[in-house]
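Enquirer: Supplied in structure tokens, the structure appears directly below.
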Amino acid sequence: MPEPLGVVRRARPARRRAAWRLGLLGLGAAVLVWQVLRPLPLGAVPDQRLVAAAVVVALLGVLAVLPWLVDVVVARLGSGPLPWQLAVRRLQSGGATSGRAASGVAVAVTGLIALQVLSAGLGAAYASATGADPSRADAAVQSSGVPGALAAATAAALAGAPGVEDVRATTWVSAAADDPAVGAQLVVGDCEALAEVADLPSCTDGDVFTTDVAGDLRGRPLQLGASAPGLWTVPAAAVAVASRPDPAGDEVSGAVLATPAALDVRAVDGAGLRAFVRTDTGDPQALAGLVRAATGSDPLAAVRVLTATEVSSRLTAVRRGLLAGAVVVLLAVGLTLLVSASEQVRERAAVLSALAAVGMRRSTAAASLLLEAAVPVLLGTGLALLAGCGLGALLLVVAGLPPVWVPGAAAATAGGAAAVLLLVTALALPGLRRAMRPLAARVE
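In terms of numbering that gives the first Met the number 0, the sequence shown is residues 0 to 443.
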């Protein structure tokens, strides 16, 4: 015998118990903490199988905690606009479909954030110092085996590129002395450019300097190449200077440094260009403009961004995989929410049609659908942020590394979830319009 309508309407769904749900989450975290605290023999590593099992248990805990959390929060939500009331009442009466979809979202996002935190923490272990000094230059441009005139043209093109604030370029030429066993490296540039590779006491255009053993070349003629117009003699008054690391971390050894007035290398056939560029950090297109300027003059020119540390290519590949995984997870989240929204609309087609018949607007129904999906998803995303960051930090400590916080990953995940939610609502609107037609009220 059917129960009276009032009894059914006022009845509360079965209350979910929190103890075992929170216990799963706590058990996974406790096992990881135990792996951190227990003493290990010298050279031993934590039990990987036990760590993996703890992670799985923690993710199952997230899956179990979210439905209880949604019930607790929804039961305390107050009154508001009509779409809000419709969404809250639907969730309070047992929005199981929305809860299941949000649980899957929470588990996927938790695992993704934990992996991102773990990847960020491993960056220090897989990073090595490059020796470069990014405070002196943002990028280095290098060409080799080009005519001296082309090297000069490339340097001029770099200086005129949009977003470039300063260019310090030197032209490198290999030279041979009268003794075939003796060679020399000539570095030609203005005083500012030469100051990047050596400590110059003073400098004016026309000066020549030597570093290290190149001082023995003073007064000796050098052959700059078959295309060079004759020999060039190193001035006897060339000043000996000490070399210094350039912005890329390299150091000139045994070279003759000359200013353009002392040596014109534009007629040399086989020369190389090495330029250090400082760009406008506020211009996001500055680096792209620099690359276009360099390759536009010399298609084989190499442009390298200078960083103090360099991450291993293996870790870079892992991070790219995580980025691809994040995209796949968001697509799966969107597909899950779309299926959930379509099921809700189909189940309530008769009710929606009746509400439309008594004057409810489609915008109200659409807002209600959005809010009904948003509440569990937002709660799931918040739980995933906390659980994912905590899980990732514990895994780093287990690995013997300091925990880190990745706000960018958290913000991107939350923003991606919000964007997917809006997109799913927009895709569900055609089905909502069909459900609110008068014919949808016909049921068998």
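Glycine included, C-beta positions come from ideal geometry on N, C-alpha and C.
Identify every run of the beta strand (DSSP E) within the stretch 253-308, keeping only runs that are complete inside it and at least 3 residues long; order them along the chain.
Expert: With a minimum length of 3 residues, the continuous beta strand (DSSP E) runs that stay inside the stretch 253-308 are 254-257, 270-278, 301-304.
Enquirer: To test your reading of the DSSP string, which unbroken alpha helix (DSSP H) runs of 4 or more residues are found completely within the stretch 13-60?
Expert: DSSP runs (the alpha helix (DSSP H)) wholly in the stretch 13-60: 18-36.
Enquirer: Report the CB separation of Ala168 from Ala154 in whole angstroms; it is logged as a contact under 8 Å.
Expert: As a position in the sequence shown, residue 168 is number 169, starting the count at 1. As a position in the sequence shown, residue 154 is number 155, starting the count at 1. Confirmed, about 4 Å.
Enquirer: Three or more C-beta pairs closer than 8 Å, one from the stretch 332-341 and one from the stretch 133-142: is that the case here?
Expert: The stretch 332-341 is not in contact with the stretch 133-142.
Enquirer: Can the beta-carbon of Thr129 be found less than 8 Å from the beta-carbon of Ala274?
Expert: Looking up residue 129 in the sequence shown gives position 130. Looking up residue 274 in the sequence shown gives position 275. Against a cut-off of 8 Å, the Cβ pair of Ala274 and Thr129 comes out as no contact.
Enquirer: For Ala257 and Val207, which I take to be in contact (beta-carbon distance under 8 Å), what is that distance rounded to the nearest angstrom?
Expert: Position 258 of the sequence shown, counting from 1, holds the residue named residue 257. Position 208 of the sequence shown, counting from 1, holds the residue named residue 207. Rounded, the Cβ-Cβ distance is 5 Å, consistent with contact.
Enquirer: Go through its chain and collect everything with a Cβ distance to Glu443's Cβ below 6 Å, but skip five positions before and after it.
Expert: Working through the sequence shown from its first residue, we reach residue 443 at position 444. Because Glu443 carries a pLDDT of 49, less than 50, the predicted location of this residue cannot be relied on, and the following value inherits that uncertainty. Counting only Cβ-Cβ distances below 6 Å, and skipping sequence neighbours, we find nothing.
Enquirer: Just the Cα atoms here: how many angstroms apart are Pro429 and Leu421?
Expert: Reading the sequence shown from its first residue, position 430 is the one you call residue 429. Reading the sequence shown from its first residue, position 422 is the one you call residue 421. Straight-line Cα distance between these residues: approximately 14 Å.
Enquirer: Between the beta-carbon of Leu458 and the beta-carbon of Leu426, is there less than 8 Å?
Expert: Given that the chain is displayed from residue 0 to residue 443, the structure contains no residue 458 and the question cannot be resolved.
Enquirer: Within the continuous beta strand (DSSP E) that includes Pro220, where are the two ends?
Expert: In the sequence shown, residue 220 corresponds to position 221, counting from 1. Its beta strand (DSSP E) spans residues 220-222.
Enquirer: Less than 8 Å separating the beta-carbons of Val69 and Pro375?
Expert: Taking the first residue of the sequence shown as 1, we reach residue 69 at position 70. Taking the first residue of the sequence shown as 1, we reach residue 375 at position 376. Yes. Within cutoff.
Enquirer: Taking the continuous alpha helix (DSSP H) assigned at Glu191, which residues delimit it?
Expert: Position 192 of the sequence shown holds residue 191. Element bounds for Glu191: 190-193.
Enquirer: Considering only their Cβ atoms, is the gap separating Leu351 from Ala364 smaller than 8 Å?
Expert: Looking up residue 364 in the sequence shown gives position 365. Looking up residue 351 in the sequence shown gives position 352. In this structure, Leu351 lies closer than 8 Å to Ala364 by Cβ.
Enquirer: Using a Cβ-Cβ cut-off of 7 Å (strictly less than) and excluding sequence neighbours within five positions of Met435, which residues of its own chain qualify?
Expert: As a first step, residue 435 is located in the sequence shown; it is residue number 436 there, counting from the start. Correct list, in chain order: Leu351, Ser352, Ala355, Arg361, Ala364.
Enquirer: Apart from the five residues just before and just after Ala148, which ones in its own chain have a Cβ nearer than 7 Å to its Cβ?
Expert: Residue numbering aside, residue 148 sits at position 149 when the sequence shown is read from its first letter. Cβ within range, chain order: Arg265.
Enquirer: So Thr412 and Val108 are supposed to be a Cβ contact under 8 Å. How far apart are they, rounded?
Expert: If you number the sequence shown from 1, residue 412 lands on position 413. If you number the sequence shown from 1, residue 108 lands on position 109. Thr412 to Val108, Cβ: 6 Å. Contact.
Enquirer: Kindly indicate the opening and closing residues of the beta strand (DSSP E) around Trp171.
Expert: Counted from its first residue, the sequence shown places residue 171 at position 172. Residues 163-175.
Enquirer: For Asp198, does the three-state DSSP call read helix, strand or coil?
Expert: The count along the sequence shown starts at 1 and reaches residue 198 at position 199. Correct three-state label for Asp198: strand.
Enquirer: Any idea if Val35 is buried or exposed, counting beta-carbon neighbours within 10 angstroms, 16 or more meaning buried?
Expert: As a first step, residue 35 must be located in the sequence shown, where it is residue number 36. The residue in question, Val35, is exposed, as its Cβ has fewer than 16 Cβ neighbours within 10 Å.
Enquirer: Which word fits Ala18, buried or exposed, when buried means at least 16 other C-beta atoms lie within 10 angstroms of its C-beta?
Expert: On the sequence shown, residue 18 is found 19 positions in, with the first residue counted as 1. Exposed, since its Cβ has fewer than 16 Cβ neighbours within 10 Å.
Enquirer: Helix, strand or coil: how does DSSP classify Thr209 here?
Expert: Here residue 209 is taken as the residue at index 210 of the sequence shown, counted from 1. Strand.
Enquirer: Does the beta-carbon distance from Ala302 to Ala293 come in below 8 Å?
Expert: Translated into positions along the sequence shown, residue 302 becomes position 303. Translated into positions along the sequence shown, residue 293 becomes position 294. The residue asked about is misnamed: residue 302 is Val in this sequence, not Ala. It is a contact, given that the beta carbons lie within the stated cut-off.
Enquirer: Do you know offhand how far Thr280's Cα is from Leu221's?
Expert: For the purposes of this step, residue 280 is taken as the residue at position 281 of the sequence shown. For the purposes of this step, residue 221 is taken as the residue at position 222 of the sequence shown. When rounded, the distance between both Cα atoms is 42 Å.
Enquirer: Measure the beta-carbon distance from Ala409 to Leu384 and round it to whole angstroms, keeping in mind my assumption that it falls under 8 Å.
Expert: Mapped onto the sequence shown, residue 409 falls at position 410. Mapped onto the sequence shown, residue 384 falls at position 385. That belief holds up - the Cβ atoms of Ala409 and Leu384 are roughly 5 Å apart, short of 8 Å.
Enquirer: Give me the Cα-Cα distance between Arg433 and Val405, rounded to the nearest whole angstrom.
Expert: Counting from one through the sequence shown, the residue named residue 433 turns up at place 434. Counting from one through the sequence shown, the residue named residue 405 turns up at place 406. So the two alpha carbons sit approximately 44 Å from each other.
Enquirer: Beta-carbon within less than 6 Å of Ala113's beta-carbon, same chain only, minus the 5 sequence neighbours each way: which residues are those?
Expert: Taking the first residue of the sequence shown as position 1, residue 113 is located at position 114. Excluding positions up to five away in sequence, the list reads Gly387, Leu390, Gly391.
Enquirer: Can you tell me whether Trp171 is buried or exposed? The criterion is at least 16 other CB atoms within 10 Å of its CB, across all chains shown.
Expert: Against the sequence shown, residue 171 aligns to sequence position 172. Answer is buried; the Cβ neighbour count reaches 16.
Enquirer: By Cβ distance, which residues of its chain are closer than 7 Å to Gly415, with the 5 residues on each side in sequence left out?
Expert: Mapped onto the sequence shown, residue 415 falls at position 416. If we look at Gly415 and ignore the five residues flanking it on each side, its Cβ neighbours are Leu329.
Enquirer: Report the three-state DSSP secondary structure of Thr456 (helix, strand or coil).
Expert: Nothing can be reported for residue 456: it is not among the residues displayed for the chain, which extend from 0 to 443.
Enquirer: Between which two residues does the alpha helix (DSSP H) containing Ser362 stretch?
Expert: Taking the first residue of the sequence shown as 1, we reach residue 362 at position 363. Start and end: 361-397.
Enquirer: Got a sec, what are the start and stop residues for the alpha helix (DSSP H) Leu334 sits in?
Expert: Numbered from its first residue, the sequence shown carries residue 334 at position 335. 312-346 is the extent of the alpha helix (DSSP H) around Leu334.
Enquirer: Report buried or exposed for Trp283, applying the criterion of at least 16 other Cβ atoms within 10 angstroms of its Cβ.
Expert: For this step, residue 283 is matched to residue 284 along the sequence shown. The sequence shown places Pro at residue 283, not Trp. So Pro283 counts as exposed.
Enquirer: Mapping the DSSP letters down to three states, classify Pro244 as helix, strand or coil.
Expert: Working through the sequence shown from its first residue, we reach residue 244 at position 245. In this structure, Pro244 counts as strand in the three-state DSSP scheme.
Enquirer: Should Val54 go down as buried or exposed, given a rule of 16 or more other Cβ atoms within 10 Å for buried?
Expert: Translated into positions along the sequence shown, residue 54 becomes position 55. With 16 or more other Cβ atoms within 10 Å, it is buried.
Enquirer: My output table needs one value for Leu111: the three-state DSSP class, helix, strand or coil.
Expert: Here residue 111 corresponds to residue number 112 of the sequence shown, with the count starting at 1. Note: Leu111 maps to helix in three-state DSSP.
Enquirer: Rounded to a whole number of angstroms, what is the C-alpha to C-alpha distance between Leu272 and Leu393?
Expert: Taking the first residue of the sequence shown as 1, we reach residue 272 at position 273. Taking the first residue of the sequence shown as 1, we reach residue 393 at position 394. In a straight line, the C-alpha of Leu272 is about 49 Å away from that of Leu393.
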